[in-house]
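Presented below is the structure to which this report refers.
Protein chains: 2
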Amino acid sequence: MRFEPLHRTHDSAARTGVLRLPHGDVRTPAFMPVGTYAAVKAMSPEELLEIGFEIVLANTYHLHLRPGDETIRDLGGLHRFMHWERPILTDSGGFQVFSLSGLRRLTDDGVEFASPLDGAKIFLTPEKAVEIQNRLGADVIMALDECTPFPCEFAPARRSMELTLGWAERSKRAHTRTDEQALFGIVQGSVYPELRAECARRLVDIDLPGYAIGGLSVGEPKQAMLEALDVVAPLLPADRPRYAMGVGTPWDFLECVERGIDLFDCVMPTRVARNGRAYVRGGTRNIRNARYTRDPRPLDETCECPTCRNYSRAYLRHLHQAGEILSARLLTYHNLHFFQDCIVRIRRAVEAGSLSLLRAEWTREEATFRELETAETEEDEDAGEGQDT
Amino acid sequence: MRFEPLHRTHDSAARTGVLRLPHGDVRTPAFMPVGTYAAVKAMSPEELLEIGFEIVLANTYHLHLRPGDETIRDLGGLHRFMHWERPILTDSGGFQVFSLSGLRRLTDDGVEFASPLDGAKIFLTPEKAVEIQNRLGADVIMALDECTPFPCEFAPARRSMELTLGWAERSKRAHTRTDEQALFGIVQGSVYPELRAECARRLVDIDLPGYAIGGLSVGEPKQAMLEALDVVAPLLPADRPRYAMGVGTPWDFLECVERGIDLFDCVMPTRVARNGRAYVRGGTRNIRNARYTRDPRPLDETCECPTCRNYSRAYLRHLHQAGEILSARLLTYHNLHFFQDCIVRIRRAVEAGSLSLLRAEWTREEATFRELETAETEEDEDAGEGQDT
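From first to last, the protein sequence lines stand for chains A and B.
Residue numbers in the first sequence follow the numbering used here, run continuously in steps of one, and reach 389 at the last position.
Residue numbers in the second sequence follow the numbering used here, run continuously in steps of one, and reach 389 at the last position.
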């Protein structure tokens with residue numbers, strides 16, 4: 001794996017680059033759609049390519065439980081299994097163990113939890129997380145970490161950071177397929193700048209091909225997230241990619257990129273689509289809203305995705321109300337297209353040195369959207385029309 | 001609307017033809033996928049075109065209830081609403097009133113039932129069924145009929161046939177958009193040859209651009225269905241299309257085509273796909289079966305659809321077990337592709353005069369499939385492997 005920074009801006013840490021991986025190049029900044037069970041929910045791999053994605057994320061925790069990493073290895077690895085020949089990143093499974101499994105026992109050695117499928121005890125160690133990810137065969141794999149919840153006191157945050165650093169070293173020792181898979185370490189330290197800084201420095205000493213910032217998007221105020229990035233990003237080597245785990249919205253991307261972040265992943269565009277919510281310039285729209293019942297306009301009048309080119313809000317609302325799978329498909333496509341479009345705009349703005357113009361444009365769009373929403377809500381009320389959201 | 005018969009066979013009533021409709025030509029025999037709520041479940045219109053479908057069916061009953069035929073008319077009609085610019089056929093809603101709605105009151109004038117959405121009383125008459133379908137704007141619309149259940153005594157079957165004939169006349173009088181929409185009548189008469197024959201003759205006297213045979217696929221033995229066709233089809237004019245409503249499987253198509261049928265529709269390929277069942281040469285496969293857990297082969301090794309080109313049984317089983325929408329998509333695509341492939345083979349066999357060869361080939365495939373299934377089941381049992389179907 002090689003990371004080649006390309007453009008840098010003068011007034012911020014923003015940059016573009018290319019991440020060269022065994023299954024292809026990834027232009028950064030990049031957003032990775034989440035394919036938990038080796039499928040991005042409601043999407044086909046062809047659609048992901050069409051939208052422009054160059055890398056997807058899959059979840060080690062879920063795939064270990066079902067269908068099992070040995071099964072996937074025997075079937076030729078994750079790429080062949082899910083029919084995605086481009087790069088893949090797998091997480092370590094740690095985040096899910098700490099956020100999804102109720103009962104767990106944490107020791108220095110690893111973490112024990114019960115499978116939600118059959119209750120079987122599973123002991124996940126840094127070595128085992130690497131072994132599982134070796135079997136899956138993603139281009140980028142993640143070291144097992146402890147993701148601290150928010151809020152978290154200083155003392156447990158410090159203990160957790162030490163654990164994560166120890167696990168990062170053990171992960172590196174356990175990982176031998178370094179030519180085929182790049183192992184990233186994860187910076188923890190909760191909202192404490194001194195812990196974040198110490199974690200970043202010591203992780204850099206371990207010397208890994210890429211670094212992630214974890215423990216973000218876990219409920220902390222946005223300012224705390226940005227402060228963590230302000231502390232951490234400058235301490236990470238410029239020739240290695242930086243990944244903000246679980247972040248976020250297009251608006252977050254802009255602020256993170258200005259702080260030197262290259263990679264993002266988030267379940268929001270796919271998850272909210274299945275609940276009828278669409279990202280549009282300046283905000284989001286809930287297609288279940290009664291005001292769309294006879295609305296012939298597309299979701300977003302400036303969007304060029306097939307959903308917006310071919311379907312009305314009225315039809316999309318109808319599909320959602322009728323429980324049609326096509327509703328999830330069309331909204332997911334639109335949301336992912338919107339996210340990718342935002343990333344591409346950010347990339348171009350970095351190249352053109354015009355990030356601040358883009359920021360101003362997005363702020364204006366937000367204001368316009370709010371005004372329009374207010375006007376349309378008042379119209380609904382004048383018409384005595386209820387809303388079912 | 002014009003129907004042009006093209007090829008005829010010498011040893012059966014089988015034929016090919018072209019149905020010229022306002023939104024395009026439909027080569028017959030044709031299978032119409034069912035798009036109940038103005039969407040073929042799990043499919044996009046582009047995928048339907050890619051598979052080769054030239055006409056789809058939509059359900060008047062469901063669309064009248066939700067989102068309403070006036071809404072669809074105001075949005076530019078059904079074609080624009082669902083982004084399908086090719087021909088559409090809508091049924092009359094009668095079948096659903098009689099099969100889905102619990103409480104209903106039938107008079108000579110029409111049938112009253114309660115909306116399953118809000119309990120509101122709806123009175124459906126032949127005139128209203130035409131009016132609703134005029135608003136939807138499909139290329140082919142159906143006269144309201146009473147679909148008798150199976151079994152049905154002679155006397156009620158006769159009364160029902162009379163009702164259906166009276167409603168057909170009223171439908172014809174109510175339908176004024178004859179240039180834009182072709183109204184088909186429906187032959188009823190249950191399993192009684194004399195009723196079927198009388199209904200066909202009197203319906204032909206009414207003079208409609210196409211004729212359907214209804215009351216099939218309602219639980220009667222297959223032989224009864226074929227006998228009804230044997231009686232009815234020869235009585236229908238050769239220059240009008242014949243449509244076997246709700247029929248059936250590819251094996252049924254062959255037998256119906258031999259009896260002179262041109263059009264089919266059936267929910268099976270889409271419905272069973274969502275339950276994990278795939279049509280393959282010679283039979284069906286339930287992808288939930290444990291034996292597929294590590295099976296790297298495609299669903300059907302002779303199939304050229306994208307699902308079979310790109311995905312293993314193991315992956316499809318995994319997607320289904322994980323509840324992924326992509327499972328419904330890939331299996332639905334395969335099943336519809338399989339149905340269309342069978343129709344195209346039948347069409348070519350009619351043209352080549354080789355229907356009996358095709359029949360023999362399908363019989364052989366069925367035997368081979370049964371043998372293979374037996375062998376694989378025994379292997380599973382030898383391996384002590386349970387099945388979860």
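Here a beta-carbon is modelled for each residue, glycine too, at the ideal position from N, C-alpha and C.
Helix, strand or coil, according to DSSP, for Gly185/A in the structure here?
DSSP places Gly185/A in strand when its eight states are reduced to three.
I'd like the span of the beta strand (DSSP E) that includes Glu4/B, first residue to last.
Glu4/B -> beta strand (DSSP E) spans Arg2 to Arg8.
Glu227/B CB to nearest chain A CB: under 8 Å?
Nearest CB-CB separation between Glu227/B and chain A: not below the 8 Å threshold.
In chain A, what lies closer than 7 Å to Phe81/B by C-beta?
Result: Tyr315.
To the nearest angstrom, how far is it from the Cα of Asp205/B to the Cα of Ala328/B?
Each residue's Cα considered, the two are about 45 Å apart.
Using a beta-carbon distance below 8 Å, is Ala321/A in contact with chain B?
A quick correction: the sequence has Gln, not Ala, at residue 321/A. Yes, Gln321/A lies at the interface with chain B (some Cβ there is under 8 Å from its Cβ).
Looking at the C-beta of Arg66/B, does it have a partner C-beta in chain A at a distance below 8 Å?
Answer yes: the Cβ-Cβ gap between Arg66/B and chain A drops below 8 Å somewhere.
Cα-Cα separation, Leu144/A to Gln340/B
Whole-angstrom Cα-Cα distance: 49 Å.
Proximal chain B residues relative to Pro33/A, where beta-carbon distance stays under 9 Å:
Correct list: empty, because the minimum Cβ distance to chain B is about 13 Å.
Distance between Met225/B and Cys152/B (C-alpha atoms, nearest Å):
Going by the C-alpha atoms only, they are around 14 Å apart.
By the criterion of Cβ-Cβ separation under 8 Å, what are the contact partners of Lys41/B in chain A?
In chain order: Glu324, Ile325 and Leu326.
Whether or not the region 54-61 of chain A and the region 71-87 of chain A are in contact is what I'm after, with contact meaning three or more pairs of Cβ atoms, one per stretch, closer than 8 Å; do they touch?
As far as the Cβ criterion goes, the region 71-87 of chain A touches the region 54-61 of chain A, which means the pair count is three or higher.
In chain A, which residues lie with their C-beta within 8 Å of the C-beta of Pro296/B?
Under the 8 Å cutoff, chain A gives Leu75 and Gly76.
Distance between Glu379/B and His320/B (C-alpha atoms, nearest Å)
Each residue's alpha carbon lies about 23 Å from the other.
Residues in the same chain with beta-carbon distance under 8 Å from Arg159/A, minus the five sequence neighbours each way, listed in chain order, please.
The beta carbon of Arg159/A is closer than 8 Å to none in its chain, skipping five residues each way along the sequence.
Could you work out which residues of chain B lie near Tyr311/A, taking near to mean beta carbons separated by less than 7 Å?
Ordered by position in chain B, the residues that pass the 7 Å Cβ test against Tyr311/A are His83.
In DSSP terms, what Thr36/A is bridged to
In the DSSP output, where bridge partners are listed per residue, Thr36/A has none listed.
Among Ser171/B, Leu331/B, Arg201/B and Leu229/B, which residue has its Cα nearest to the Cα of Val191/B?
When each option's Cα is compared against that of Val191/B, the closest is Leu229/B.
Near Phe369/B, which residues of its chain fall below 8 Å by C-beta distance, leaving aside the five closest residues on each side in sequence?
Around Phe369/B: Val280, Arg281, Gly282 and Gly283.
Determine the chain B residues that contact Arg288/A at a beta-carbon separation under 9 Å, and present them in chain order.
Result: empty, since nearest Cβ-Cβ is about 13 Å, beyond 9 Å.
Beta-carbon proximity of Thr270/B to Ala38/B, cut-off 8 Å
Not closer than 8 Å, so no.
Counting only C-beta atoms, is Tyr292/A closer than 8 Å to chain B at any point?
By this cut-off, Tyr292/A is not an interface position.
Check the DSSP bridge columns for Asn408/A and list the partner residues they point to.
One cannot answer for residue 408/A here, as it falls past the ends of chain A, which runs 1 to 389.
Whose C-alpha, out of Arg288/B, Ala290/B and Ala278/B, is nearest the C-alpha of Glu301/B?
Ranking the options by Cα distance to Glu301/B, first place goes to Ala278/B.
8 Å Cβ cutoff, Ser115/B in contact with chain A
Interface residue (Cβ-Cβ distance to chain A less than 8 Å): Ser115/B is not classified as such.
So, do the region 291-298 of chain A and the region 308-318 of chain A have three or more beta carbon pairs nearer to each other than 8 Å?
The answer is yes - the region 308-318 of chain A touches the region 291-298 of chain A, with three or more Cβ pairs under 8 Å.
For Ala212/B, three-class secondary structure by DSSP
In this structure, Ala212/B counts as strand in the three-state DSSP scheme.
Thinking just about the alpha-carbon of each residue, which of Leu254/A, Ile325/A and Val272/A is nearest to the one in Ser356/A?
Answer by Cα proximity: Leu254/A.
Could you check the C-alpha separation between Ala244/B and Leu100/B for me, to the nearest Å?
Rounded to the nearest angstrom, the two C-alpha atoms are 20 Å apart.
In whole angstroms, what separates the C-alpha of Pro116/B from that of Leu65/B?
For Pro116/B and Leu65/B, the distance between alpha carbons rounds to 9 Å.
Who pairs with Ile88/B in a beta bridge, going by DSSP?
Val56/B, per the DSSP bridge assignment.
Output yes or no for whether 8 Å exceeds the beta carbon distance between Val350/B and His7/B.
It is a contact, given that the beta carbons lie within the stated cut-off.
My output table needs one value for Asp388/A: the three-state DSSP class, helix, strand or coil.
Any reading at Asp388/A needs caution, since the residue's pLDDT is 42, under 50, leaving its predicted position unreliable; the model's value is listed next. DSSP places Asp388/A in coil when its eight states are reduced to three.
Proximity test, Cβ basis, 8 Å: His318/B and chain A
Yes, His318/B counts as interfacial toward chain A.
Presumed contact (8 Å Cβ cut-off) between Gly210/B and Arg240/B, rounded CB distance:
Correct: roughly 5 Å between the Cβ atoms.
Taking 8 Å as the cut-off, decide whether the C-beta atoms of Ala182/A and Val140/A are in contact.
A contact, by the Cβ cut-off of 8 Å.
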